[in-house]
C-alpha cells in the first residue's frame, strides 16, 4: 500500500494575545488562518519581528479605533520596518466589562488594570462610578485581567466580556465603554508583494513625508488625490522624530493601485514626497463600493494617455 502524501505544514499567524483579545477575534475572521497555528505575542514589535523573520506568515494588528483614532505604535512600526504589506482589514465591535477576582465588589475597587486605549474609551464611566480610582497600564485587554491573578496591585480590570468564559472572574459592570458604537480596525500584515485583484471595494494605504516645513506643503500633498477624484478615509500625522515640525502622514485612499485614478495620484505623491511607503491595496472590510464621478473613470485616464502618446509620435489627426 503506497504511503499517503505528507500533510502540508501549518502556517503561523501572530496576534496580540493572550487568547480572548479583540485581536484574536479579528484573526478569526481570516479564512486562510482557520486550522493554522496562532501565536500569541505581547506587543506590535514582537508581532512584526515574527513576520520579518519568517516565523509567521502574517500578523494581525490593530491600526485604528473609531473613538481614539490611529494606533501610533502600529503606524510608527509600519513606517520604520521595510517590506511589510497590508493584505486585509477587519472590523471588530469593541465592548468592555469591569472584572475582578471572586469576592471583590465594585465598592472595593481603588485601582484598575487597563490597556491605555481601553482605559481612554471607558474614562467617562470610570470617572462617574470610581472617581478616585488609580490606573495601571497593561499590554493588552486580556493581560489586564490576568494580572489580577499575578499580584494584588489592582482590584479590577477592563477586559473583553468573554474573558469570564476562560478565567474565574466576576463581572462588576457590563458595557462600560463611553461609546457603544466603538469599532476597532485591524490589519493583517505580511511580507508578500502579491497584489490582490481590484474588487471595486478597495483601499490603498501609504505613508508619505512632507518635503519641507512650509506653508502649503500639506495642501500640495492632498491635491495629488483631490485632483484625481480620490477620497481619503484616513489622514493622520506622526512626527518623524528627527526635528520639530517634521511629519509623515498615514493615508488610506479609496480605491486600488490598479485603478487609474489611484495610480496617477500615487505617481503625483511620489514626485512630491521625498519618501513614500506603499503599504498595500486590499479589500475594504465593509465591502462598500468606492464611489467617484465619471470624469475620473479608468477610461478617461487611458484616453488622455493615448492622446498624449499620439501627439508625441506624430500620428495624423492627433
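In full-length UniProt numbering, the protein residues as written are 1 to 318. Beta carbons are placed, not taken as given, at the ideal position from N, Cα and C, and that holds for glycine.
Legend entry - Endpoints, beta strand (DSSP E) assigned at residue 209: Here residue 209 is taken as the residue at index 209 of the chain shown, counted from 1. Per DSSP, residue 209 belongs to the beta strand (DSSP E) from 202-209.
Inset, instruction - Drop a sphere of 10 angstroms on the beta-carbon of residue 165, count the other beta-carbons inside from all chains shown, and report buried for 16 or more, exposed for fewer. - result: As a working note, residue 165 is residue 165 in the chain shown. Exposed, since its Cβ has fewer than 16 Cβ neighbours within 10 Å.
Legend entry - residue 59 versus 75, 122, 190, 113, residue with shortest Cα-Cα distance: Counting from one through the chain shown, the residue named residue 59 turns up at place 59. Measuring from the Cα of residue 59, the nearest candidate turns out to be 190.
Inset, instruction - Would you mind stating whether residue 50 and residue 80 have Cβ atoms separated by less than 8 Å? - result: Here residue 50 refers to the residue found at position 50 when the chain shown is read from its first residue. Here residue 80 refers to the residue found at position 80 when the chain shown is read from its first residue. Cβ atoms of residue 50 and residue 80: not closer than 8 Å.
Legend entry - Given 8 Å, three or more beta-carbon pairs between the segment 85-96 and the segment 180-189: yes
Legend entry - Cβ contact (3+ pairs, closer than 8 Å) linking the segment 141-150 and the segment 17-30: yes
Legend entry - Under the three-state DSSP convention, the category residue 16 falls into: Mapped onto the chain shown, residue 16 falls at position 16. DSSP places residue 16 in strand when its eight states are reduced to three.
Inset, instruction - Determine the closest residue to residue 159 out of 99, 148, 63, 109, with distance taken between C-alpha atoms. - result: In the chain shown, counting from the first residue as 1, residue 159 sits at position 159. The option with the nearest alpha carbon to residue 159 is 99.
Legend entry - Sub-8 Å separation of residue 192 and residue 253 beta-carbons: Stepping through the chain shown from its first residue, residue 192 is reached at position 192. Stepping through the chain shown from its first residue, residue 253 is reached at position 253. Cβ distance not < 8 Å, so residue 192 and residue 253 don't count as in contact.
Inset, instruction - Give me the Cα-Cα distance between residue 48 and residue 280, rounded to the nearest whole angstrom. - result: By one-based count along the chain shown, residue 48 stands at place 48. By one-based count along the chain shown, residue 280 stands at place 280. Going by the C-alpha atoms only, they are around 16 Å apart.
Legend entry - Spatial neighbours of residue 265 in its chain, beta-carbon cut-off 6 Å, leaving aside the 5 residues before and after: Locating residue 265 in the chain shown gives position 265, counting from the first residue. Excluding positions up to five away in sequence, the list reads 224, 225, 228, 230.
Legend entry - Among 127, 129, 85, the one whose alpha carbon lies nearest that of residue 196: Here residue 196 refers to the residue found at position 196 when the chain shown is read from its first residue. When each option's Cα is compared against that of residue 196, the closest is 85.
Legend entry - Where residue 66 sits in the DSSP three-state scheme: One-based indexing of the chain shown puts residue 66 at position 66. Coil, per DSSP.
Inset, instruction - Flag this pair as touching only if the segment 236-254 and the segment 64-78 have three or more C-beta atom pairs under 8 Å; answer yes or no. - result: yes
Inset, instruction - Please go through the same chain and pick out, in chain order, the residues whose beta-carbon is closer than 8 Å to the beta-carbon of residue 298, but skip the five residues on each side of it. - result: As a working note, residue 298 is residue 298 in the chain shown. For residue 298, where only same-chain residues beyond five positions count, the Cβ hits under 8 Å are 259, 260, 261.
Legend entry - Cα-Cα separation, residue 284 to residue 293: Reading the chain shown from its first residue, position 284 is the one you call residue 284. Reading the chain shown from its first residue, position 293 is the one you call residue 293. If I take the Cα positions, the gap works out to 20 Å.
Inset, instruction - Give the DSSP bridge partners of residue 135, in chain order. - result: Residue mapping note: residue 135 aligns to position 135 of the chain shown, counting from 1. Beta-bridge pairing links residue 135 to 112.
Legend entry - Euclidean distance between Cα positions of residue 53 and residue 271: As a position in the chain shown, residue 53 is number 53, starting the count at 1. As a position in the chain shown, residue 271 is number 271, starting the count at 1. Their backbone Cα atoms lie some 32 Å apart in a straight line.
Legend entry - Beta-carbon separation (whole angstroms), residue 57 vs residue 11, contact threshold 8 Å: The sequence position of residue 57 within the chain shown is 57, counting from 1. The sequence position of residue 11 within the chain shown is 11, counting from 1. Right, their Cβ atoms sit about 5 Å apart.
Legend entry - residue 104 versus residue 128: straight-line alpha-carbon distance, rounded: Locating residue 104 in the chain shown gives position 104, where the first residue counts as 1. Locating residue 128 in the chain shown gives position 128, where the first residue counts as 1. Near 19 Å, if we compare the C-alpha coordinates of residue 128 and residue 104.
Legend entry - Rounded straight-line distance, which links the Cα of residue 291 to that of residue 319: Limits of the chain in this structure are 1 at one end and 318 at the other, which puts residue 319 out of reach.
Legend entry - Assigned secondary structure, residue 246 (DSSP; H/G/I helix, E/B strand, else coil): Sequence index remark: in the chain shown, residue 246 carries index 246 (1-based). Of the three classes helix, strand and coil, the one that applies to residue 246 here is coil, per DSSP.
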